[in-house]
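Report on the structure given below.
2 protein chains.
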Amino acid sequence: MNKFKFQSGTKVFFGANCLFDNKSEVTRLGKKAFIVTGKTSGIKSGALTDIISMLNEANIEYQIFDKIENNPSLENVKEGGAACRQSKADFIVGIGGGSPLDAAKAIAILAVNDIEPIQLIKNQFTQKPLPIAAIPTTAGTGSEVTAASILTIPEYETKMSFVHEDVFPKAAFLDAKYTESMTRDIAVNTAIDAMSHAIEGYLNKIASTMSDVFALEALEIFGACIENLCEEKFDSETREKLLYASMLAGLTIAQTGTTIAHGMGYSLTYFKDIPHGKANGLLLAEYLRYNNEAAQGRVQAVLKALNLISIDDFEKIMNRLIRNDIDFTREELKKYSSLAVKQKSTAKNLRSTSEEDMYRIMEKSLIDRGTH
Amino acid sequence: MNKFKFQSGTKVFFGANCLFDNKSEVTRLGKKAFIVTGKTSGIKSGALTDIISMLNEANIEYQIFDKIENNPSLENVKEGGAACRQSKADFIVGIGGGSPLDAAKAIAILAVNDIEPIQLIKNQFTQKPLPIAAIPTTAGTGSEVTAASILTIPEYETKMSFVHEDVFPKAAFLDAKYTESMTRDIAVNTAIDAMSHAIEGYLNKIASTMSDVFALEALEIFGACIENLCEEKFDSETREKLLYASMLAGLTIAQTGTTIAHGMGYSLTYFKDIPHGKANGLLLAEYLRYNNEAAQGRVQAVLKALNLISIDDFEKIMNRLIRNDIDFTREELKKYSSLAVKQKSTAKNLRSTSEEDMYRIMEKSLIDRGTH
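In order, the protein sequences belong to chains A and B.
Letter by letter, the first sequence follows residues -13 to 358 in the working numbering.
Letter by letter, the second sequence follows residues -13 to 358 in the working numbering.
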């Protein structure tokens, strides 16, 4: 057996009404809440209304910061950090998809540390971050159970992550009803993001017996949901399964981190505004073919867990779920691969990866196949 | 899907040399360590020598308390709590099997709370316990990843548990070399204890999709180790697997708790001094037959995970591993069942269980089969 570390810093409450059934797990966190959410996700999902009603009932003050952008920038979390500090809140409630939850982690640090946001990337802070409660409104990010936060860094023309165990949310409330407001595209893209977490956590140099348990369980559940995803049958059971699987995939990457699919995908999001999950998804079939040449056994295990026979089958599924409608030039892809190879996560890909390898994966995925 | 809560408060480091590879995870816990261990397990395992050398190197003071008895009593942890308080230690290192690790949790509380040990059972304390690092020297207890502590309470003629999230060890170091000093009987008995955790966590009213993942994974690994256990082939791979499986089983009961096999087993230990794991093991076959009548699907899943065909096969394995050489009277079993039915864990058994049911399981296991 390999050496491993296993850590999960988050108490997870899963199921219908879990937020109200476990009120004290929020109210114990402090005396004033700073609620971090996006412009619409908090309201549309119903989670913001629920948390406000709970806080009012418990006589806990709160301030709402609903300015989190998609793929939040350093500037965006800086503004949130300043507002949080000014509010004198002593805990954070993050509501939303990956963007608000990741931003909540940055804000939890910036509120009590007088640093520039870029210093987050190197964990250059000393004061313990404010405690966080997390309520996901998508089934994809897994951020509710990780210590990672992905921020957009214009200076480097990409997204970068920081990871620190003190930003594991103290509690996460996973109620599938909060994911019902997702559009079809958001539901599909975030599901692909979660699947990508499980796959990249499995085809990972630091994967362990323990992280594999979470990754394969997540993939099996996805496998059971794929047909409903393709047919857009978002019944409540499917929504619950996807939320559970995305949490398991989050537990996976909390141990392993992601690898090159995420690393390459960041550029597709940064430069072409392709949603994060879709960006990964456009690359996944070629990413699997690439890893299959060096780690066939593990790629086959991924396919088996998904209940698929071959990478071609996998590709057919992806083509039913998402389509690339954007043209890329070779020069663009060269730039993207030069950025991606610098990501820390690149070194963890199961097959050791060069900049040229990344270029080829992107070329096959985004140019050879064309738009469709 | 069922509602569930998932919590794991312990950072687990697994593998050869994990203690030295992660020194800072111990040294960050405080300035003076109170080392809680048994009369022999700390020394024999080598873990005590290792931790002392590490603390010396880091210039961290320590005091050793090596008086933990098997199945520690309230009196025993009271003495430890007083000694810890007097030592002015600010963190605890627990080394040993379940007894020292469970005692460490009680001592962590008693050192900073001026209460009688019996108050632990009702969580009647207010000050946050000292942080704990745990080093298991058996592969059975799982205590290194749970928030539970089992103490012997002469007043009630049994063992009882308390559970509090603040006593999750902050860090656990699982190095199979520390389990090499176990005798054959201790290795077998503790392995059966761990298997029993996984089974009781699975045949449990509050089992969830999530706890099932851990339970079934643990059982599959046991299944792969059974033949080596029976043949007493304790090679290093088997030791690692058993340690890993016992940790997974610990994660299972950290979510679910145990049920009636443990509840009944406590009397066998309290009154007849039968080692804890063996006590459960003597009852497990009949316990499975009992549950099989109400929950056949799940009992069959247990057998399948263990790679066994039937409960009779399971019984044959247990007969190879342990034998009952103690006579019991019906009066004794009546008393034991009257005690066991009062355990909080009884209500969680998948098949609702009466005192009479417990009596019958014990009678079949301990009288009808006789000593052998």
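Even glycine gets a Cβ: it sits at the ideal position worked out from N, Cα and C.
Being a predicted model, the structure only gives us computed values, none of them experimental.
Check	Outcome
Under the three-state DSSP convention, the category Glu342 (chain B) falls into	helix
Residue from B:Ile308, B:Ala271, B:Asn293, B:Ala326 whose Cα sits closest to the Cα of Tyr256 (chain B)	B:Ala326
7 Å Cβ cutoff, Met181 (chain B) in contact with chain A	no
Close-in-space but distant-in-sequence residues of the same chain around Lys350 (chain A) (CB under 7 Å, 5 per side omitted)	Glu272
Thr245 (chain B) and Glu186 (chain B) closer than 7 Å at C-beta	yes
N-terminal and C-terminal residue of the alpha helix (DSSP H) that Leu228 (chain B) is part of	222 to 242
Residues bridged to Asn190 (chain B) [DSSP beta-bridge criterion]	B:Asn335
Identified DSSP bridge partners for Val22 (chain B)	B:Phe51, B:Gly80
Residue-level contact to chain A via CB, Gln49 (chain B), 7 Å cutoff	no
Cross-strand partners of Met250 (chain B) (DSSP beta bridge)	Bridge partners of Met250 (chain B): none, in fact.
Beta-carbon proximity of Thr124 (chain B) to Met168 (chain B), cut-off 7 Å	yes
Local Cβ density within 10 Å of Lys264 (chain A), reported as buried at 16 or more and exposed below that	buried
Proximity to Ile118 (chain B) [Cα-Cα], best of B:Asp299, B:Asp88, B:Phe111	B:Asp88
Any C-beta of chain B under 7 Å from that of Met40 (chain A)	no
Contiguous alpha helix (DSSP H) assignments of at least 4 residues, all confined to the segment 155 to 205 of chain B	170 to 188
CA nearest to the CA of Ile312 (chain A), picked from A:Val285, A:Ala291, A:Lys290, A:Pro261	A:Pro261
One or two residues paired with Phe(-10) (chain A) in a DSSP bridge	B:Phe0
Assigned exposure category for Lys328 (chain B) - 16 Cβ within 10 Å defines buried	exposed
As assigned by DSSP and simplified to three states, the class of Ser324 (chain B)	helix
Cross-chain neighbours of Ala2 (chain A) in chain B, by beta carbon under 8 Å	Lys(-11)
Residue environment, Gln360 (chain B), which counts as buried when at least 16 other CB atoms sit within 10 Å	Limits of chain B in this structure are -13 at one end and 358 at the other, which puts residue 360 (chain B) out of reach.
Close Cβ partners of Ala193 (chain A) (< 6 Å) along its chain, the five nearest in sequence each way excluded	Thr242
Whether Val22 (chain B) touches Ala75 (chain B) by CB criterion (7 Å)	no
Within chain B, partners of Thr138 (chain A) - CB distance below 7 Å	Per Cβ cutoff of 7 Å: no residues; Thr138 (chain A) is ~30 Å from chain B at best.
Three or more C-beta pairs below 8 Å linking the segment 271 to 285 of chain B and the segment 339 to 347 of chain B	yes
Complete alpha helix (DSSP H) runs within the segment 110 to 149 of chain A (minimum length 4 residues, chain order)	none
Where Lys108 (chain A) falls, given that 16 or more other Cβ within 10 Å makes a residue buried	exposed
Listed by chain order, chain A residues near Thr195 (chain B) by CB distance under 8 Å	Tyr230
CB contact check: Gln(-7) (chain A) to chain B, cutoff 7 Å	yes
Where Ser296 (chain A) falls: helix, strand or coil (DSSP)	coil
Chain A residues whose Cβ lies nearer than 7 Å to that of Glu226 (chain B)	Met(-13)
Proximity winner among A:Glu213, A:Ala157, A:Tyr322, relative to Gly16 (chain A) (alpha-carbon distances)	A:Ala157
Contact set between Lys203 (chain B) and chain A, taken where Cβ atoms lie within less than 8 Å	According to the sequence provided, residue 203 (chain B) is Glu. The question's Lys does not apply to it. Neighbours of Glu203 (chain B) on chain A, chain order: Val199.
Per DSSP, cross-strand counterpart(s) of Ser59 (chain A)	A:Thr138
When B:Val285, B:Tyr252, B:Phe(-1), B:Lys25 are compared against Pro140 (chain B), the one with the closest alpha-carbon	B:Tyr252
9 Å Cβ cut-off: residues of chain B touching Phe(-1) (chain A)	Lys(-11), Phe(-10), Lys(-9), Phe(-8)
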